[in-house]
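Protein chains in written order, with our numbering: chain E, 2 to 408; chain Z, 8 to 290.
No residue lacks a Cβ here, since even glycine has one placed at the ideal position from N, Cα and C.
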Amino acid sequence: MRRLLPADDTVSPPLSRERWRDRGYHEAWERALTLGPQTVIEWVTAAGLTGRGGAAFPTGQKWASVAQSADPVKYVVMNADESELGTFKDRALLTRDPWGALAGLAIAAFAVGAHEAYVYLRGEYADVERLLEEALALAPWAEAGSYPLAVRLIRGAGAYIAGEETALLNSIEGRRPEPRVKPPFPTARGLWGHPTVIQNVETLANVAVLLAHDVAWFRAVGTEAAPGTKLMAVSGHVARPGVYEIPMGLPLWTLLTAPEYAGGIGGSGRLRAVLLGGAAGTFLTADECRAARLDNLALQPFGASLGSGAVMVFDDTVEIRQVVRQVAGFFAEESCGQCVPCRIGTRRLLEQLSASTLDIERLRDLGGAMRDASICGLGQTAPQALLSYLDRPSLWPRTSKEEECHA
Amino acid sequence: MRDTVSLTIDGVPVSVPQGTTLRAAAEAVGHEVPTLCWHENLAPANACRACVVEVEGSRALVAACSRVAEPGMVVHTRSPRVERARRVVAELLASAVDISLAPTVAALVEETQSEPERWEGARTAPPVRDDNGLYVRDYAKCILCYRCVEACGAEAQNTFAISVAGRGFDAHIDAGWDRAMPESDCVFCGNCVAVCPTGALMDRTEWTLRQEGRWDEAAIHTTDTVCGYCGVGCALTLHVLDNRIVKVTSPDDHPVTHGMLCVKGRYAYQYVQAEESGDGPLV
Ligand SMILES: Cc1cc2nc3c(=O)[nH]c(=O)nc-3n(C[C@H](O)[C@H](O)[C@H](O)COP(=O)(O)O)c2cc1C
Ligand code: SF4
Ligand code: SF4
Ligand code: SF4
């Protein structure tokens with residue numbers, strides 16, 4: 002299923018004017034200008050598009066609230082910070098089809114009435130940076146219409162937390178990327194205090210293909226509650242790791258094993274677990290992987306969600322407890338340090354997981370408090386992988402000695 | 008009733024003026040919410056999370072110090088989730104930081120029946136920074152409440168000499184590239200010292216007396232006066248121990264100062280006394 006990723010037989014170079022037309026972005030932009038801001042927002046809302054950066058918030062709702070603000074200054078921001086563990090789909094998308102997300106950004110700006118846009122790019126993506134610089138110099142949207150729009154490219158400096166939307170705003174403003182307290186949400190008080198739409202790369206690319214077609218076309222794929230496609234970044238023990246575009250609701254097992262997707266379990270060939278959604282994600286056992294469908298509603302019974310679309314696959318030679326510890330190390334490293342539950346809690350989680358025995362009750366206490374009381378999504382989800390591991394004794398070490406460990 | 012908001016706190020219906028925080032609203036019904044980083048004259052930092060409360064319909068707990076009351080909110084200040092969060096916050100702080108001179112943290116540990124021993128591990132233990140004549144910094148006591156940063160910045164002093172550097176467990180207060188205070192932008196107003204709730208920042212006089220075992224809180228008496236250095240009219244509270252001024256503060260509720268002073272009001276007493284005794288601090 003290819004919508005966002007161009008077909009393999011696409012011949013036009015990614016940054017060419019031919020590609021801008023081939024992919025229908027020229028038409029999408031013209032259509033947006035013809036329909037007018039309000040109808041564009043109605044389309045996005047009717048399409049049921051939700052954010053692809055992790056939180057799955059309804060995109061049209063964000064746009065409507067910024068559009069209706071009386072503040073004459075508004076901003077739109079493309080979140081291309083992509084630093085979640087196991088997540089590399091935005092990079093693939095921007096490399097293979099850079100116009101899509103940029104067309105979506107221009108359409109978003111037009112729809113909410115913003116004349117300044119930002120692209121916040123992960124610092125390590127130097128190749129994508131060059132590509133985007135070139136794209137912004139060409140700016141095909143500036144020719145087709147009369148809508149004035151300045152787009153600036155900002156490079157991140159290597160902090161996972163800068164991808165959190167309010168930390169990202171602070172970073173653009175030249176401040177330390179510490180998350181702000183919400184509410185107020187960026188749609189009410191965003192960049193320099195003005196209403197701001199922040200959208201993931203993939204969300205914006207969806208906007209472009211939606212406007213290149215129509216709402217019925219968009220909804221023809223996926224589920225009623227989650228229409229459209231999703232990019233999944235599959236890594237670890239599979240035959241063919243990579244980025245795959247799936248219809249929402251596809252069985253996880255199909256993604257792991259079908260020849261057109263990851264092509265089967267790699268390594269020992271025996272699946273132990275999948276970490277779905279990145280470091281902030283949920284472990285699924287092999288049995289759960291056979292039962293789960295990839296949309297947020299269907300994943301609820303598993304306590305999981307798609308998150309950023311990261312699928313990390315572990316065969317039965319991997320000690321999942323070690324993975325849990327590594328994830329804890331990641332969060333201890335990446336916490337911004339602003340609030341107590343996360344600043345000290347991530348360190349304590351790492352220390353507890355480095356010990357030879359685990360005190361489950363204590364870990365649940367800490368995990369629960371972090372989830373409840375941290376300021377932002379980082380601290381709130383830092384214990385998620387651990388808690389899902391504790392809920393699945395079949396993933397615990399199998400030797401009898403270690404059964405005591407978890408007593 | 009256009010300007011009031013009605014909500015329920017712990018089952019008690021209450022109406023408060025629009026813009027009232029949940030902290031203030033809870034106080035109004037007599038259910039005080041504990042706070043560590045919150046300070047009446049500074050913008051809420053939202054950092055300590057001791058004040059979290061449960062708002063029905065909200066996934067995570069919310070900070071009562073900054074969240075404004077909304078019509079129809081149903082708030083719980085003592086639910087099991089709230090109590091667990093508070094206890095863990097107290098435990099984590101006590102497990103990482105020297106709270107011996109932090110009464111509010113100690114009270115929270117007590118009140119929540121915390122067991123900080125559960126979290127034995129790395130502690131914040133940088134060496135004491137004793138680099139200027141007016142105050143001493145012992146960041147092993149710092150809970151990173153952001154009060155000093157705010158007092159030095161837009162909330163009072165507008166000097167922006169200090170900020171938070173580093174991340175995660177290593178986040179700390181810094182005057183820029185780890186500089187000593189005299190090399191920084193600091194103007195030695197001591198407002199950061201005045202708002203510090205933990206003793207991490209301490210006037211040199213108090214620090215020296217404590218080192219010598221001669222600081223006796225009970226024996227200190229205070230006298231209110233007005234600063235004579237300029238015409239602004241800042242209120243001063245002189246703290247006197249053994250006939251010697253050992254500290255100068257200003258009342259937090261004073262309309263001119265809001266507790267903030269300049270280097271002269273706060274520290275010039277040291278020069279006066281130094282001249283008399285022939286020795287004393289130099290900045
Ligand atoms: C710690 C943390 C890191 C995040 N990193 C990213 C990121 O790299 N890219 C992204 O699009 N969203 C990231 N998010 C989610 C954003 O805060 C925000 O929800 C998203 O950019 C909104 O766009 P969307 O609605 O199109 O998904 C992160 C969130 C958290 C809590
Ligand atoms: S939860 Fe962690 S990353 Fe988020 S604000 Fe608190 S300390 Fe920073
Ligand atoms: S003494 Fe004044 S200027 Fe110096 S750091 Fe403290 S608040 Fe800032
Ligand atoms: S030095 Fe004091 S005021 Fe500053 S952050 Fe630490 S505890 Fe708070």
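(request) Grab me the residues of E403 of chain E's own chain with a C-beta within less than 6 Å of its C-beta, minus the 5 sequence neighbours each way, in chain order. (result) The count along the first sequence starts at 1 and reaches residue 403 of chain E at position 402. A caution first: E403 of chain E carries a pLDDT of 49, below 50, which makes its placement in the model too unreliable to give a value.
(message) Let me see if you follow: with CB-CB separation under 7 Å, is Q25 of chain Z close to chain E or not?
(response) Taking the second sequence and counting its residues from 1, one reaches residue 25 of chain Z at position 18. For Q25 of chain Z, the answer is no, since every Cβ of chain E falls outside 7 Å of its Cβ.
(message) On the CB-based measure, 16 or more other CB atoms within 10 Å of its CB, does I345 of chain E come out buried or exposed?
(response) Working through the first sequence from its first residue, we reach residue 345 of chain E at position 344. Looking at its Cβ environment, which holds 16 or more other Cβ atoms inside 10 Å, I345 of chain E is buried.
(request) State whether the segment 38-49 of chain E contacts the segment 73-86 of chain E, with contact taken as three or more CB pairs (one from each stretch) at a distance under 8 Å. (result) no
(request) Output the distance between the C-alpha atoms of Q385 of chain E and A274 of chain E, rounded to the nearest integer angstrom. (result) Residue numbering aside, residue 385 of chain E sits at position 384 when the first sequence is read from its first letter. Residue numbering aside, residue 274 of chain E sits at position 273 when the first sequence is read from its first letter. Cα to Cα, the separation comes out at about 15 Å.
(request) Just mark Q120 of chain Z as buried or exposed, buried being the case when its beta carbon has 16 or more other beta carbons within 10 Å. (result) Numbered from its first residue, the second sequence carries residue 120 of chain Z at position 113. Exposed.
(request) Could you work out which residues of chain Z lie near L253 of chain E, taking near to mean beta carbons separated by less than 8 Å? (result) Numbered from 1 along the first sequence, position 252 holds the residue referred to as residue 253 of chain E. Those do not exist, as L253 of chain E stays about 25 Å from chain Z at its closest Cβ, beyond 8 Å.
(request) Kindly examine ligand 2 and report whether one of its heavy atoms sits closer than 6 Å to the Cβ of P180 of chain E. (result) By 1-based counting over the first sequence, the position of residue 180 of chain E is 179. Flag set: Cβ of P180 of chain E near ligand 2.
(message) Let me check understanding here. Comparing Cα to Cα, which of Z:G197, Z:C152, Z:T205 lies closest to W45 of chain Z?
(response) Here residue 45 of chain Z is taken as the residue at index 38 of the second sequence, counted from 1. The option with the nearest alpha carbon to W45 of chain Z is Z:C152.
(message) Counting only beta-carbon separations shorter than 7 Å, does D373 of chain E have a partner in chain Z?
(response) As a first step, residue 373 of chain E must be located in the first sequence, where it is residue number 372. Answer yes: the Cβ-Cβ gap between D373 of chain E and chain Z drops below 7 Å somewhere.
(request) Take the Cβ of T230 of chain Z as the centre, count every other Cβ of all protein chains shown within 10 Å, and call the residue buried at 16 or more, exposed below. (result) In the second sequence, the residue the question calls residue 230 of chain Z occupies position 223. Per the 10 Å Cβ criterion, exposed.
(request) Starting from L351 of chain E, follow the alpha helix (DSSP H) in both directions and report where the run begins and ends. (result) Locating residue 351 of chain E in the first sequence gives position 350, where the first residue counts as 1. Note, L351 of chain E: alpha helix (DSSP H), 341-355.
(request) Return the chain-ordered list of same chain residues with a C-beta closer than 6 Å to the C-beta of A329 of chain E, the five sequence neighbours on each side being excluded. (result) In the first sequence, the residue the question calls residue 329 of chain E occupies position 328. L350, L351, L354.
(message) Can you look up R297 of chain Z in the DSSP assignment and give me helix, strand or coil?
(response) Only positions 8 to 290 of chain Z appear in this structure, which leaves residue 297 of chain Z out of reach.
(message) Is there a C-beta anywhere in chain E that falls below 7 Å from the one on L245 of chain Z?
(response) The residue given as residue 245 of chain Z occupies position 238 in the second sequence. No, L245 of chain Z lies away from the interface with chain E (no Cβ there is under 7 Å from its Cβ).
(request) Report the residues of the segment 180-209 of chain Z with a CB closer than 7 Å to any CB of chain E, ordered along the chain. (result) none
(message) I want to verify the contact list: residues of chain E whose CB lies under 7 Å from the CB of N165 of chain Z, in sequence order.
(response) For the purposes of this step, residue 165 of chain Z is taken as the residue at position 158 of the second sequence. Near N165 of chain Z there are no residues of chain E at all, since even the closest Cβ is about 16 Å away, more than 7 Å.
(message) Pop quiz: E246 of chain E and L95 of chain E are said to be a contact at Cβ under 8 Å. What is the actual Cβ separation, rounded to whole angstroms?
(response) Start at 1 with the first residue of the first sequence, and residue 246 of chain E comes out as number 245. Start at 1 with the first residue of the first sequence, and residue 95 of chain E comes out as number 94. With a Cβ gap of about 14 Å, E246 of chain E and L95 of chain E do not count as contacting.
(message) What does the alpha-carbon distance come out to for the pair A182 of chain Z and E157 of chain Z?
(response) By 1-based counting over the second sequence, the position of residue 182 of chain Z is 175. By 1-based counting over the second sequence, the position of residue 157 of chain Z is 150. Looking at the two C-alpha atoms, the distance is approximately 13 Å.
(message) In the DSSP assignment, the beta strand (DSSP E) including Y121 of chain E goes from what residue to what residue?
(response) Locating residue 121 of chain E in the first sequence gives position 120, where the first residue counts as 1. Unbroken beta strand (DSSP E) run through Y121 of chain E: 117-122.
(request) Can you give me, in chain order, the residues of the segment 326-348 of chain E that have a beta carbon less than 8 Å from any beta carbon in chain Z? (result) A333, E334, E335, S336, C337, G338, Q339, C340, V341, P342, R344, I345, G346, T347, R348
(request) Verify the contact flag: I162 of chain E, CB atom, against every heavy atom of ligand 1, threshold strictly below 6 Å. (result) For the purposes of this step, residue 162 of chain E is taken as residue 161 along the first sequence, with counting starting at 1. Flag set: Cβ of I162 of chain E near ligand 1.
(request) Give the residues of chain E in contact with V95 of chain Z, contact being defined as C-beta atoms less than 7 Å apart. (result) For this step, residue 95 of chain Z is matched to residue 88 along the second sequence. Simply P342, D366, L367, A370.
(message) For the pair the segment 109-126 of chain E and the segment 151-169 of chain E, tell me if three or more CB-CB distances fall below 8 Å.
(response) yes
(request) Tell me whether W21 of chain E is buried or exposed, calling it buried when 16 or more other Cβ atoms sit within 10 Å of its Cβ. (result) Against the first sequence, residue 21 of chain E aligns to sequence position 20. The residue in question, W21 of chain E, is buried, as its Cβ has 16 or more Cβ neighbours within 10 Å.
(request) Taking C-beta pairs closer than 9 Å, name the residues in chain E that N53 of chain Z reaches, listed in chain order. (result) The residue labelled residue 53 of chain Z in the question sits at position 46 within the second sequence. Correct list: R181, V182, Q339, C340, I376.
(message) With a threshold of 7 Å between beta carbons, is V60 of chain Z in contact with chain E?
(response) Mapped onto the second sequence, residue 60 of chain Z falls at position 53. No, no contact with chain E.
(request) Compare the C-alpha of A287 of chain E against each of E:H238, E:W100, E:P141 and name the closest. (result) Stepping through the first sequence from its first residue, residue 287 of chain E is reached at position 286. Among E:H238, E:W100, E:P141, the Cα nearest to that of A287 of chain E belongs to E:H238.
(request) Can you pull the chain E residues whose beta carbon is under 7 Å from the beta carbon of W126 of chain Z, in chain order? (result) As a first step, residue 126 of chain Z is located in the second sequence; it is residue number 119 there, counting from the start. Those are R349, listed as they occur along chain E.
(request) Give every residue whose Cβ lies closer than 6 Å to any heavy atom of ligand 3, listed in chain order. (result) Z:A158, Z:C159, Z:Q164, Z:T166, Z:A168, Z:I169, Z:C193, Z:V194, Z:F195, Z:C196, Z:G197, Z:N198, Z:C199
(message) Against Q381 of chain E, what residues of chain Z qualify as contacts under a CB-to-CB distance less than 9 Å, listed in chain order?
(response) Taking the first residue of the first sequence as position 1, residue 381 of chain E is located at position 380. The answer, in chain order, is R66, A67.
(request) List the residues that DSSP assigns as beta-bridge partners of S22 of chain Z. (result) Sequence index remark: in the second sequence, residue 22 of chain Z carries index 15 (1-based). DSSP, once it has assigned bridges, lists Z:S13 as partnering S22 of chain Z.
(request) Starting from the beta carbon of E352 of chain E, find every residue of chain Z whose beta carbon is closer than 9 Å, and list them in chain order. (result) Mapped onto the first sequence, residue 352 of chain E falls at position 351. Those within 9 Å of E352 of chain E in chain Z are W126, E127, G128, A129.
(request) Could you pull the start and end residues of the alpha helix (DSSP H) that H27 of chain E belongs to? (result) Here residue 27 of chain E refers to the residue found at position 26 of the first sequence. Looking at the DSSP string, the run of the alpha helix (DSSP H) that includes H27 of chain E is 26-36.
(message) Nearest by alpha-carbon distance to A67 of chain Z: which of E:L388, E:T382, E:G52 is it?
(response) Position 60 of the second sequence, counting from 1, holds the residue named residue 67 of chain Z. Cα-wise, what sits closest to A67 of chain Z is E:T382.
(message) So R363 of chain E contacts chain Z; which residues on that side make the cut at Cβ distance below 9 Å?
(response) As a first step, residue 363 of chain E must be located in the first sequence, where it is residue number 362. Near R363 of chain E (Cβ distances below 9 Å), the residues of chain Z are R125, W126.
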